[in-house]
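Novice: One structure is given below, represented as structure tokens, and several questions about it will come after.
Numbering (my numbering), first residue to last: 81 to 496.
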């Protein structure tokens with residue numbers, strides 16, 4: 081069929097527009113989240129990465145967060161692809177400027193902070209990039225934002241200050257596999273962002289908002305970013321979960337094993353949105369710990385709970401979603417008893433988990449031929465979002481529905 085000249089022109093224009101758009105999307109995706117080699121990357125590559133960051137930040141929150149990144153360091157090697165200024169904290173005086181990709185060595189001691197052997201400050205400095213989208217290399221890691229450097233009794237503390245969603249970008253793949261479904265990643269991004277904002281005062285006395293470990297959230301900087309996680313963060317920009325107008329406590333864990341736990345059952349004080357939620361799939365992430373009775377009793381004795389020779393274990397059978405005198409409503413162990421020839425001791429489920437290295441408190445304990453078999457399901461404390469559960473739901477649910485499932489009664493809102 082021969083098209084008219086007018087229609088042919090329209091089709092050619094549409095095809096050209098489509099190909100240009102396809103080229104832009106592919107080039108954007110390929111550059112997203114890559115780790116930049118400052119020495120090896122060409123000028124064009126660095127400019128493309130900078131442009132990408134600028135585009136994302138145009139839609140990002142204005143909120144910033146301070147991360148206690150490296151603490152008690154004797155010395156650190158630092159460079160930046162953008163170059164940076166070393167500024168006296170407090171006065172704002174620029175002490176020196178470091179060229180792009182030039183590495184310096186900072187050391188800390190009782191007399192202050194030293195740059196390549198020369199004393200720079202007695203207390204603290206700031207490292208400010210020459211471009212806002214510049215990336216620091218500190219040791220082997222790569223990080224955005226600016227830095228506070230303080231001298232403490234154990235050495236140097238490096239505190240990173242950066243936009244909130246840049247922080248979430250560095251958290252997401254550390255807390256959930258980047259290969260998982262985009263809707264699961266988006267749900268995790270909202271949970272991580274909300275949790276970070278709610279936790280901002282957690283380390284105030286130490287001079288920063290959050291740490292970079294499991295105590296707050298694991299944070300890996302630019303090296304942890306991937307195209308998928310960057311997309312999840314960008315597509316949920318500024319979104320948080322609220323309950324009654326306040327930031328929700330968006331706790332999360334690896335796998336519920338079949339039902340999440342209530343905050344009240346675990347920690348004594350409940351909230352309406354951290355309650356048992358039954359999963360469609362039960363008895364997930366099975367695990368087992370087997371000990372000889374001798375080893376079992378020895379571990380009890382080391383923990384100050386010696387019972388003598390073992391006579392009886394007091395614990396009801398595990399039924400997910402059924403509680404009793406020994407178990408919470410989700411089926412997790414609240415407490416159990418160990419009866420021996422000398423005495424009877426009581427242990428909480430959390431004590432058992434810590435003492436025997438259990439993945440969760442959703443377990444059974446049995447005596448079998450001179451052995452103690454502890455068999456359970458799930459991984460983590462069981463509160464809030466189950467990450468494996470979210471991944472299972474993501475094939476047919478959007479992230480907002482996943483969040484509503486695990487945090488019932490909360491509202492998804494955008495904060496500036």
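For glycine and all other residues, C-beta sits at the position ideal for the given N, C-alpha and C.
On a predicted model such as this, the values are computed, not experimentally measured, just so you know.
#1: Determine whether the Cβ of residue 201 lies closer than 7 angstroms to any Cβ atom of chain B.
#2: Under the three-state reduction of DSSP, which class applies to residue 415: helix, strand or coil?
#3: Relative to the alpha-carbon of residue 180, which residue among 215, 421, 203, 373 has its alpha-carbon at the smallest distance?
#4: Could you check which residue in 437, 422, 417, 421 has the C-alpha nearest to that of residue 428?
#5: Would you give the residue range spanned by the beta strand (DSSP E) that residue 199 belongs to?
#6: Under 6 angstroms Cβ to Cβ from residue 263, same chain only, skipping five residues before and after it: list those, please.
#7: Since residue 443 sits in a beta bridge, which residues does DSSP pair it with?
#8: Look up residue 159 in the DSSP assignment and say whether it is helix, strand or coil.
#9: Would you mind sorting residue 157 into buried or exposed? The rule is 16 or more other CB atoms within 10 Å of its CB.
#10: Residues in the same chain with beta-carbon distance under 6 angstroms from residue 398, minus the five sequence neighbours each way, listed in chain order, please.
#11: Taking the C-alpha atoms as reference points, what is the distance between residue 145 and residue 171?
#12: Could you pull the DSSP bridge partners for residue 492 from this structure?
#13: Which residues in the same chain as residue 415 place their Cβ atom closer than 8 angstroms to its Cβ, once the five residues preceding and following it in sequence are excluded?
#14: When burial is assigned at 16 or more other CB atoms within 10 Å of the CB, is residue 375 buried or exposed?
#15: Using the beta-carbon count (16 or more within 10 Å), is residue 241 buried or exposed?
#16: When you compare the CB positions of residue 384 and residue 362, do they come within less than 7 angstroms of one another, or not?
#17: Taking only the alpha-carbon atoms, compute the straight-line gap between residue 235 and residue 149 and give it to the nearest angstrom.
#18: Just to confirm, are residue 151 and residue 289 a CB contact at a threshold of 7 angstroms?
#19: Quick one: is residue 281 buried, meaning 16 or more other Cβ sit within 10 Å of its Cβ, or exposed?
#20: Report the rounded CA-to-CA distance for residue 461 versus residue 200, giving the unit in angstroms.
#21: What residues are listed by DSSP as bridge partners for residue 296?
#22: Between which residues of its own chain and residue 451 is the CB-CB distance below 8 angstroms, once the five residues before and five after are set aside?
#23: Does DSSP classify residue 471 as helix, strand or coil?
#24: From the DSSP secondary-structure annotation, give me the bridge partner or partners of residue 217.
#25: Going by DSSP, which residues form a beta bridge with residue 426?
#26: Between which two residues does the alpha helix (DSSP H) harbouring residue 315 extend?
#27: Are at least three pairs of beta-carbons, each pair with one atom in the region 246-254 and one in the region 304-312, less than 8 angstroms apart?
#28: Taking the beta carbon of residue 347 as the centre, do at least 16 other beta carbons fall within 10 Å, making it buried, or is it exposed?
#29: Using only the alpha-carbon positions, how far apart do residue 446 and residue 392 sit?
#30: Among 160, 188, 257, 228, whose alpha-carbon lies nearest the alpha-carbon of residue 209?
#31: Using C-beta distances below 8 angstroms, list every residue in its chain close to residue 192, excluding the 5 sequence neighbours before and after it, in chain order.
#32: Mind checking which residues open and close the beta strand (DSSP E) that includes residue 367?
#33: Is the beta carbon of residue 267 less than 7 angstroms from the beta carbon of residue 483?
#34: State yes or no: is the C-beta of residue 401 within less than 7 angstroms of the C-beta of residue 439?
#35: For residue 358, which of helix, strand or coil comes out of DSSP?
Specialist: This is what the structure holds:
#1: You won't find chain B in this structure, because it holds only one protein chain.
#2: strand
#3: 215
#4: 417
#5: 198-201
#6: 474, 478, 479
#7: 456
#8: strand
#9: exposed
#10: 411, 444
#11: 22 angstroms
#12: 321
#13: 406, 426, 427, 428, 429
#14: exposed
#15: buried
#16: no
#17: 13 angstroms
#18: no
#19: exposed
#20: 46 angstroms
#21: Answer is none; residue 296 lacks a bridge partner.
#22: 370, 371, 372, 373
#23: helix
#24: 159, 222
#25: 417
#26: 307-315
#27: yes
#28: exposed
#29: 10 angstroms
#30: 160
#31: 199, 200, 201, 202, 203, 231
#32: 367-372
#33: yes
#34: no
#35: strand
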